[in-house]
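Protein sequence lines correspond, in order, to chains A and B. So for the first sequence, the numbering used here puts the first residue at 95; every next one is plus one. So for the second sequence, the numbering used here puts the first residue at 176; every next one is plus one. Ideal Cβ positions, reconstructed from N, Cα and C, are used throughout, including at glycine. The structure displayed is predicted, hence computed values, not measured ones.
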Amino acid sequence: MDAVSLVEENSIRKMLDQKKNMEFFLSVCVGCGMCADSCFLYVNNNKDPSYMPSYKAVHSLGKMYRKKGRVSRRELEEMKDLIWDKCVLCTRCYCPVGISIPSMISWARSICRSQGVFREYDQTDELSK
Amino acid sequence: MVKGKRKPFEEIKDMVRRHRKVLNVGCGGCVSVCYAGGMKEVNILNEQLRASFKQEDVPFIIDAYTVERQCNQDLLAELDNVAPKYEAMLSMACGAGCQYLAERFPGIPVYPAINTMFIGVDKEIGLFEERCRACGSCVLGLTGGICPVTRCAKSLFNGPCGGTNQTSCEVSKDIPCAWYDIYFRLKEIGQLDNILRVREPMQWKNTTRGVFVQEGYEERFAPKEKGGISKLLDRIH
């Protein structure tokens, strides 16, 4: 899909409002980083911080909440790397305060899907350029 | 990963024919990776069903919803407010996902739109090949990393059958004999003595439903009292 075409901000906002608990989750994350070691992708990628579960949630769904749904298609496309390529939704990330990080990443994906932004596995990097 | 293939269109159409309002549920997991049941494929199938029923002048509504994985109840929860609005659901996940979807919504008929094929590899874009049949008794360590269960037509465990013809299988000369390949692989890695080791008869554990407890979690799932969950334990591999 065209990276500059408009997104339906209202429908994104509605979806964000449906999961107020997630906004609360994001507000109580203290960034302790304990979720990092429970993520096998983080451990296996030289502890690259962008693989930290909290980073992935904060920079996808968190960003949508911060901007109150006013995100551009390009921003949603950029999130794809974080929420699809850097997370397999194994649901094994551990949070000491009980935040469900996978449910936030899953909801961020659902919001992206609602705008026609999703991972297409038959598109290689070369084809999508 | 699990590989799946969409069922023939007419078969899918026949399954949903009796319903007027259907939800087609995609899966963002393995079947997306093999282009069988992801969001894109869900939309394609829906368009085809709509057009086909319209041609017959049959009223038919079909909507799409793709969850991230159908094999996880937490991720299926997204459908709790959506599914009850429909008479039936099509599942574009593997057999496991389809069953889990049906389990979550016992009052709604769920039909599979995918044939689950095997556990396999991505050879090329759009080409998938079986590598594992989840038999529960892996012998790859003894066979140089070549699986005799998936590669041999008879799934033989102790050398080739009498039908082996130089490099090929008696089923077809285009199919390589697994045991011929195993022999040369073992020779190459200096483990030819493995071929003389007689493997115990296969237990075919995959003929009962698979349940297994990962190492380190045994205590968590141990029976609380003697005989308490013995029926379940009988099936644990």
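Whole-Å CB distance - residue i paired with residue j, under 8 Å assumed
{"i": "A:K162", "j": "A:R107", "result": "7 Å"}
{"i": "B:A263", "j": "B:I283", "result": "6 Å"}
{"i": "A:S200", "j": "B:L250", "result": "6 Å"}
{"i": "B:V200", "j": "B:Y240", "result": "6 Å"}
{"i": "A:M109", "j": "A:S208", "result": "6 Å"}
{"i": "B:N290", "j": "B:K182", "result": "6 Å"}
{"i": "B:G334", "j": "B:I370", "result": "7 Å"}
{"i": "B:S266", "j": "B:A288", "result": "7 Å"}
{"i": "A:M116", "j": "A:Y188", "result": "Wrong, their Cβ atoms sit about 18 Å apart, outside the cutoff."}
{"i": "B:A277", "j": "B:L198", "result": "Their Cβ separation, rounded to whole angstroms, is 13 Å, which puts B:A277 and B:L198 out of contact at 8 Å."}
{"i": "A:K63", "j": "A:R213", "result": "With chain A represented from 95 up to 223, any question about residue 63 of chain A goes unanswered, as that position is not in the structure."}
{"i": "A:I177", "j": "A:S197", "result": "With a Cβ gap of about 12 Å, A:I177 and A:S197 do not count as contacting."}
{"i": "B:C310", "j": "B:V324", "result": "5 Å"}
{"i": "B:I294", "j": "B:C307", "result": "4 Å"}
7 Å Cβ cutoff, residue i in contact with chain A
{"i": "B:M214", "result": "yes"}
{"i": "B:Y210", "result": "yes"}
{"i": "B:L407", "result": "Only weak support exists for where B:L407 lies, its pLDDT of 49 falling under 50; the value from the coordinates is given anyway. No - not a single Cβ of chain A is within 7 Å of the one on B:L407."}
As assigned by DSSP and simplified to three states, the class of residue i
{"i": "B:N256", "result": "coil"}
{"i": "A:K161", "result": "coil"}
{"i": "A:V51", "result": "Because chain A here runs from 95 to 223, residue 51 of chain A falls outside it and cannot be looked at."}
{"i": "A:A130", "result": "helix"}
{"i": "A:S166", "result": "coil"}
{"i": "B:N340", "result": "strand"}
{"i": "B:I283", "result": "coil"}
{"i": "A:R203", "result": "helix"}
{"i": "A:S148", "result": "helix"}
{"i": "B:Y261", "result": "coil"}
{"i": "B:C246", "result": "coil"}
{"i": "A:K180", "result": "coil"}
{"i": "B:A277", "result": "helix"}
{"i": "B:V177", "result": "strand"}
{"i": "B:G403", "result": "At B:G403 the pLDDT is 47, less than 50, meaning the model places this residue with poor confidence; the figure from the coordinates comes in the next sentence. Three-state result, B:G403: coil."}
{"i": "A:P190", "result": "coil"}
{"i": "B:F396", "result": "helix"}
{"i": "A:L110", "result": "helix"}
{"i": "B:L251", "result": "helix"}
{"i": "B:F293", "result": "strand"}
{"i": "B:T382", "result": "helix"}
{"i": "A:P143", "result": "helix"}
{"i": "B:Y240", "result": "strand"}
{"i": "B:K329", "result": "coil"}
{"i": "B:D429", "result": "Any answer about residue 429 of chain B is impossible in this case: the structure gives chain B only from 176 up to 412."}
{"i": "B:R225", "result": "helix"}
{"i": "A:I195", "result": "helix"}
{"i": "B:F303", "result": "strand"}
{"i": "B:C310", "result": "coil"}
{"i": "A:S222", "result": "Residue confidence for A:S222 is low, a pLDDT of 47 falling below 50, so the modelled location carries little weight; the figure read from the coordinates is stated next. The answer is helix: DSSP assigns A:S222 an H, G or I state."}
{"i": "B:L198", "result": "strand"}
Interface residues of chain C facing residue i [CB-CB closer than 9 Å]
{"i": "A:L183", "result": "The structure shown has no chain C; the protein chains it does contain are A and B."}
Within chain B, the residues that residue i reaches when beta carbons sit closer than 9 Å
{"i": "A:F212", "result": "G203, S207, G213, M214, K215 and T241"}
Within chain A, partners of residue i - CB distance below 7 Å
{"i": "B:I357", "result": "None at all; the shortest Cβ gap to chain A is about 31 Å."}
Below-7 Å beta-carbon distance, residue i vs any chain B residue
{"i": "A:D216", "result": "yes"}
Any non-hydrogen atom of the ligand MG within 6 Å of residue i CB
{"i": "A:V182", "result": "In the structure shown, the ligand MG is absent, as is every other ligand, since no ligand is present at all."}
Within 8 Å of chain A by C-beta, residues of the segment 243-259 of chain B in sequence order: Within the segment 243-259 of chain B, the residues whose Cβ lies closer than 8 Å to any Cβ of chain A are, in chain order, E243, R244, N247, D249, L250 and E253.
Chain B contacts made by the segment 172-206 of chain A, where a contact means CB separation under 9 Å: If the cut-off is 9 Å between Cβ atoms, the segment 172-206 of chain A has W178, V182, L183, T185, S194, P196, S197, I199, S200, W201, R203 and S204 near chain B.
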